[in-house]
Amino acid sequence: MLPKLDPLLHSELRLAVMSILAGVEDAEFSYLKKQTGATSGNLSVQIEKLSAAGYISVEKGFKGKVPCTTCKITTEGLDAFEKYVNALKEYLI
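Residues in the sequence shown are numbered consecutively from 24, following our numbering.
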């Protein structure tokens with residue numbers, strides 16, 4: 024029997040965000056937007072969903088007078104991401 028895939032990570036944009044964050048210490052919203060090609064509104068919604076699940080932490084602040092949102096994958100998020108990737112491999116074998 025094939026393992027269940029985490030429905031939260033089974034979204035293309037959320038998976039892209041998690042993939043990026045798994046490889047860096049943290050990332051600013053503008054970087055995630057550029058890398059994913061997502062609109063600001065859609066990316067904001069998906070980041071909120073990942074944050075609400077405890078998969079990422081979000082810090083809002085300023086760089087000078089410009090608002091700056093920084094995202095970081097949590098230990099729980101990294102674990103969920105690794106489980107998702109391993110489960111996905113089962114589908115490919």
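Backbone N, C-alpha and C define an ideal beta-carbon position, used for all residues, glycine too. Since we're looking at a predicted model, the values are computed, not measured.
Nearest candidate by alpha-carbon position, reference residue i, set the options
i: Asp-49; options: Ile-79, Lys-112 and Leu-25; result: Ile-79
i: Leu-36; options: Gln-58, Gly-87 and Lys-106; result: Gln-58
i: Glu-51; options: Thr-92, Leu-115, Pro-26 and Ile-116; result: Thr-92
i: Val-89; options: Thr-62, Ser-53 and Met-24; result: Ser-53
i: Asn-65; options: Ala-76, Ser-34, Lys-95 and Glu-82; result: Ser-34
DSSP three-state assignment for residue i, whether helix, strand or coil
i: Lys-112; result: helix
i: Thr-98; result: helix
i: Gly-64; result: helix
i: Lys-27; result: coil
i: Ser-86; result: Note on residue identity: the sequence assigns Lys, not Ser, to residue 86. Lys-86 falls in the strand class under three-state DSSP.
Rounded distance between the beta-carbons of residue j and residue i, thought under 8 Å
i: Leu-111; j: Leu-28; result: 7 Å
i: Pro-26; j: Glu-113; result: 5 Å
At least 3 beta-carbon pairs within less than 8 Å: the segment 38 to 48 vs the segment 98 to 110: Three or more Cβ pairs closer than 8 Å define a contact, and the segment 38 to 48 meets that threshold against the segment 98 to 110.
At which residue ranges does the segment 29 to 59 contain complete alpha helix (DSSP H) runs of 4 or more residues, listed in the order of the chain? As far as the segment 29 to 59 is concerned, its whole alpha helix (DSSP H) runs of at least 4 residues are 35 to 45 and 52 to 59.
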